[in-house]
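Trainee:
Residue numbers (my numbering): 370 to 593.
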């Protein structure tokens, strides 16, 4: 089973992806995590093993978006690994636009594989802004917390390592609004594309984590 998980920043994609990975034993493929893996020193020192590593680093070091052709190369290489072929995968953060979506379909079709479901997590701009402006992150281990829905046990300290939690620079209200505009412009054609292919399932992400997860699982099981 191969899934795509769509949703705006702050919708809880990462949390739901982890829960889906644990329930269905799917390989969770996050473009952000994949890029971070590529940027490890051993990958950069052995470009023959991961030819996209130095290309990705060049753009990230300059604070630029990684171009579509490089993103698609990196993601397709990851999807072609044995674990994804054997267990299936859950894509998080890809595709981001219609061009990437069509590339993904073509790449999978060449190998007699396909996307089974596209889950779109839906919630209001007001909720997104409230969630993200209340989000805190551990600068040491990367754990995420939220002062509305996921409090740390100690006041603004990480449950795992005890470090003081901080707000991400891109979680201010002004930046969140810009990120939402970008997401909507990129994603609307994707929603339309997957709707016409009868793959899209919309899930109300205003609910709590457990209810959202239950709705996703029901939608997936009904289409298997």
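Heads up, the beta-carbon is just placed ideally off N, CA and C, and yes, glycines get one too. Since this is a predicted model, take the numbers as computed values, not measurements.
Helix, strand or coil for residue 440 per DSSP?
Mentor: Translated into positions along the chain shown, residue 440 becomes position 71. Here residue 440 sits in helix by DSSP.
Trainee: On the DSSP bridge list, what partners appear for residue 460?
Mentor: As a first step, residue 460 is located in the chain shown; it is residue number 91 there, counting from the start. Paired residue(s): 373, 398.
Trainee: Whole angstroms are fine: how far does the CA of residue 524 sit from the CA of residue 390?
Mentor: Counting from one through the chain shown, the residue named residue 390 turns up at place 21. Counting from one through the chain shown, the residue named residue 524 turns up at place 155. Distance between the alpha carbons of residue 390 and residue 524: 30 Å.
Trainee: Which same chain residues end up closer than 8 Å to residue 579 when comparing Cβ atoms and leaving out the 5 residues on each side of it in sequence?
Mentor: For the purposes of this step, residue 579 is taken as residue 210 along the chain shown, with counting starting at 1. Here the set comprises nothing.
Trainee: What do you get for residue 565, buried or exposed, if any count of 16 or more other CB atoms within 10 angstroms of its CB means buried?
Mentor: Along the chain shown, read from residue 1 onward, the residue named residue 565 stands at position 196. It counts as exposed.
Trainee: Using beta-carbon positions only, say whether residue 436 and residue 545 come within less than 8 Å of one another.
Mentor: Your numbering for residue 436 matches position 67 in the chain shown. Your numbering for residue 545 matches position 176 in the chain shown. Their beta carbons are not under 8 Å apart, which means residue 436 does not touch residue 545 by this criterion.
Trainee: Would you call residue 444 buried or exposed, if buried means 16 or more other Cβ atoms sit within 10 Å of its Cβ?
Mentor: As a working mapping, residue 444 is identified with position 75 in the chain shown. It counts as buried.
Trainee: Per DSSP, which residues does residue 493 bridge with? Please list them.
Mentor: For the purposes of this step, residue 493 is identified with residue 124 of the chain shown, where counting begins at 1. For residue 493, which the question treats as bridged, DSSP gives no partner whatsoever.
Trainee: May I have a chain-ordered list of the beta strand (DSSP E) segments no shorter than 3 residues that lie completely inside the segment 500 to 536?
Mentor: For the segment 500 to 536, whole beta strand (DSSP E) runs of length 3 or above, ordered along the chain, are 504 to 506, 513 to 515.
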